[in-house]
Structure formats: C-alpha cells, structure tokens
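Engineer: Residue numbers (our numbering): 15 to 74.
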C-alpha cells in the first residue's frame with residue numbers, strides 16, 4: 015500500500031509522470047489529487063524562497 019506522503023513525494027519530484035498515472039488509473043478523485051499536488055508545489059516554492067532569504071541574511 016502506498017502512503018499519502020509517498021504519493022506526494024513522488025508527485026512533487028515527478029509531476030508529469032504523476033499526471034499520467036492519474037490519467038491511466040482513471041481515478042474519480044483525480045482533480046483532488048492534482049489540487050493537492052499543486053498546493054504542495056506552491057508550498058515547496060514558498061519554502062525555497064524563504065530558505066534563499068535566510069541564506070542571504072546569514073551571508074550578509
């Protein structure tokens with residue numbers, strides 16, 4: 015059985031492959047899965063920006 019965290023980790027690293035898996039599986043909740051992926055992608059982007067700002071502050 016695949017956990018939600020495993021699925022999200024795979025999806026965040028392999029977005030195109032994840033989208034194809036959802037299409038092939040024909041999941042009824044594919045919109046929900048894609049929405050979760052988009053939210054997590056945005057979170058990752060925000061965290062990367064915060065990390066960059068913190069690194070800049072540390073180096074100055």
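We put the CB at the ideal spot given by N, CA and C, even for glycine.
None of the values given here were measured: they were computed from a predicted structure.
For residue 35 versus residue 47, is the C-beta distance shorter than 7 Å?
Structural biologist: In the chain shown, residue 35 corresponds to position 21, counting from 1. In the chain shown, residue 47 corresponds to position 33, counting from 1. Going by C-beta atoms, residue 35 is not nearer than 7 Å to residue 47.
Engineer: In angstroms, rounded to a whole number, what distance separates the CA positions of residue 20 and residue 51?
Structural biologist: Taking the first residue of the chain shown as position 1, residue 20 is located at position 6. Taking the first residue of the chain shown as position 1, residue 51 is located at position 37. Their Cα atoms are separated by approximately 12 Å.
Engineer: Where do the ends of the alpha helix (DSSP H) carrying residue 74 lie?
Structural biologist: On the chain shown, residue 74 is found 60 positions in, with the first residue counted as 1. Note, residue 74: premise wrong, no alpha helix (DSSP H); not H, not E.
Engineer: Where do the N-terminal and C-terminal ends of the alpha helix (DSSP H) with residue 19 fall, by residue?
Structural biologist: On the chain shown, position 5 is the one that residue 19 refers to. Its alpha helix (DSSP H) spans residues 18 to 27.
Engineer: What separation, rounded to the nearest whole angstrom, lies between the Cα atoms of residue 60 and residue 73?
Structural biologist: Taking the chain shown and counting its residues from 1, the one referred to as residue 60 is at position 46. Taking the chain shown and counting its residues from 1, the one referred to as residue 73 is at position 59. Taking the straight line joining both Cα atoms gives about 20 Å.
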